[in-house]
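First residue of the sequence shown? That's 6 in my numbering, and the numbers climb one at a time after it. Where a beta carbon is used, it is the ideal one built from N, C-alpha and C, also for glycine. Data first, discussion second: the structure below is written as structure tokens.
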Amino acid sequence: MATAIKDANQARDIKQPKALPAPNSDFYELAETLNPEERSLVKQVRAFTESKLAPVINRYWADDAFPFELLPALRELKIGGLGLEGYGCRGGSQKLFGFVMMELARIDPSFSTFFGVHDGLAMGSIYLDGSEEQKQKWLPQMARLEKIGCFGLTEPLVGSGAAGGLTTTAKREGDTWVLNGEKRWIGNAPWCDLSIIWARDLADNQVKGFIIENKTTPGFSVEKIERKIALKVVQNGHITLTNCRVPEANRLQAGNSFRDTARVLRMTRYMVGWMATGCQMGAYENALLYSQQRLQFGKPIGSFQLMQDLLAKMLANITACQCMLLRLAELDDEGKLNDQHAALSKGFCTARSRETVAWAREVFGGNGIVTDYNVARFFADAEALYSYEGTFQMQNLIVGKAITGFSAFV
Ligand SMILES: Cc1cc2nc3c(=O)[nH]c(=O)nc-3n(C[C@H](O)[C@H](O)[C@H](O)COP(=O)(O)OP(=O)(O)OC[C@H]3O[C@@H](n4cnc5c(N)ncnc54)[C@H](O)[C@@H]3O)c2cc1C
């Protein structure tokens, strides 16, 4: 009897390896605010990103190439036209759209950018500024991801100042418009089917939008921008329009000034906030996992106080961004989203993202600069998210104007 008790005590004293908590970047359980149908879609997107995108993305990123092989599986998710109602679009709340963008960016910010440009910027332009006939014609095939779109606003010499300074011109000749100029940085442009091109009408000096069929419109040419250090999977193009003739039927009929372009940007800008949050989540989860496994001084580096400080700061950034965006999505769903709301979140989330990915990279030491370790990509990509769709300074000028009543745009 005494021997049996001694054996039992010894068995109890043998230390079992401790089960460590799995990385979870939804610390405040915000996914619980989605309804069951929405949660199920987000889960399907996660299954796609983890099983199909994650295994191949580092290779594509290193090669500056787009993973066309994934388009069939993406089509099966039926998420084309998320956030847009009717016309064969997936529809759903802005909150759902945001969660899906965050989910895509959690594995790869380039892939979420490709989808955001198509769904938000290109489809959104037709949805908000197109006529009924134009919506019927273009949106269903875009929602099925049969035709992919891009959005051409930025020019080689005009970026932040696009609102008042576009140099690409449009001249009406009967039922045709003649477009001339250049567009730079246009995501998806080197391979996609349709471009939404914003140009200044020479007659009234107002900005108008045009749907151009890239592959069949004479005078339209595009060159891929090479040697990027961020969002390398997104193919960005430099478009040249030389006496490019576009029928009046392809002018966005409800877009008559830059105000109508800005309506599209309002919707898509805070989506970049969701992407920047997904980017942080991916970097944080990988860093946490690494900190649980990497040993120094005979112990996991995650057991050191200074490492835990970094991890806690990352999680605080992520959680702050998620909460901010969740409220913003509610405002959007209630029809109360305005430019300054969108600008505040885009600026804040992308700035926090830069901080978070730098801390995540730090956790990896030297391995943090090698693509294979799944952190360098996020580190580099956060730089592009910070600058595109309006730089940090532009977002703060929009907020500054709203809160002070003074416009500081020069
Ligand atoms: C990866 C990537 C993808 C992109 N995709 C697209 C796309 O699909 N379609 C598209 O149209 N565009 C796209 N862009 C362009 C992007 O929106 C612009 O790069 C961005 O708006 C900034 O313009 P810019 O690069 O010309 O910088 P600039 O406007 O030249 O700005 C340079 C610096 O000056 C600062 N600055 C400018 N004016 C002021 C001021 N008044 N006060 C204080 N600071 C100021 C800016 O904040 C910035 O720091 C993309 C860019 C990148 C990098």
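- Per DSSP, the continuous beta strand (DSSP E) segment holding isoleucine 201 begins and ends at 199-206.
- Between tyrosine 132 and leucine 150, the C-beta gap is not smaller than 8 Å, which leaves the two residues out of contact.
- The Cβ atoms of alanine 389 and alanine 235 lie closer than 8 Å to each other.
- Not a single heavy atom of ligand 1 lies less than 7 Å from the C-beta of methionine 276.
- Taking non-hydrogen atoms of ligand 1 into account, the C-beta of leucine 171 is found less than 7 Å away from none of them.
- In the three-state reduction of the DSSP assignment, tryptophan 196 falls in the coil class, being assigned neither a helical nor a strand state.
- Closer than 7 Å to some heavy atom of ligand 1: that does not describe the Cβ of serine 358.
- For glycine 157, the uninterrupted beta strand (DSSP E) run begins and ends at 154-157, by DSSP.
- The continuous alpha helix (DSSP H) containing alanine 347 extends over residues 344-368.
- In terms of side-chain proximity, the C-beta atom of asparagine 219 is found no nearer than 7 Å to any non-hydrogen atom of ligand 1.
- Going by C-alpha positions, tyrosine 275 is about 43 Å away from phenylalanine 302.
- If you check the CB distance, glycine 287 and phenylalanine 383 come in under 8 Å.
- In terms of Cα proximity to glutamate 367, the closest of Gly224, Gly405, Leu25, Lys318 is Lys318.
- The C-beta separation of leucine 79 from methionine 128 comes to about 15 Å, leaving the pair out of contact by the 8 Å criterion.
- About 5 Å separates the beta carbons of methionine 280 and methionine 106, which is inside the 8 Å limit, making them a contact pair.
- For valine 227, the three-state secondary structure derived from DSSP is strand.
- The segment 194-212 and the segment 168-180 touch, with no fewer than 3 CB-CB distances between them shorter than 8 Å.
- Leucine 311 counts as exposed, since fewer than 16 other beta carbons sit within 10 angstroms of its beta carbon.
- One alpha carbon belongs to glutamate 138, the other to asparagine 261, and they sit about 17 Å apart.
- Of all alpha-carbon atoms in Leu333, Gln298, Glu335, Glu290, the one lying nearest the alpha-carbon of leucine 316 is that of Glu290.
- In the same chain as phenylalanine 414, and ignoring 5 residues on each side of it, the C-beta atoms closer than 7 Å to its own belong to Leu402, in chain order.
- Our two residues, glutamate 335 and serine 98, have alpha carbons roughly 9 Å apart in a direct line.
- Residues of the same chain with a CB within less than 6 Å of the CB of leucine 25, apart from the 5 flanking positions on each side, are Gln297 in chain order.
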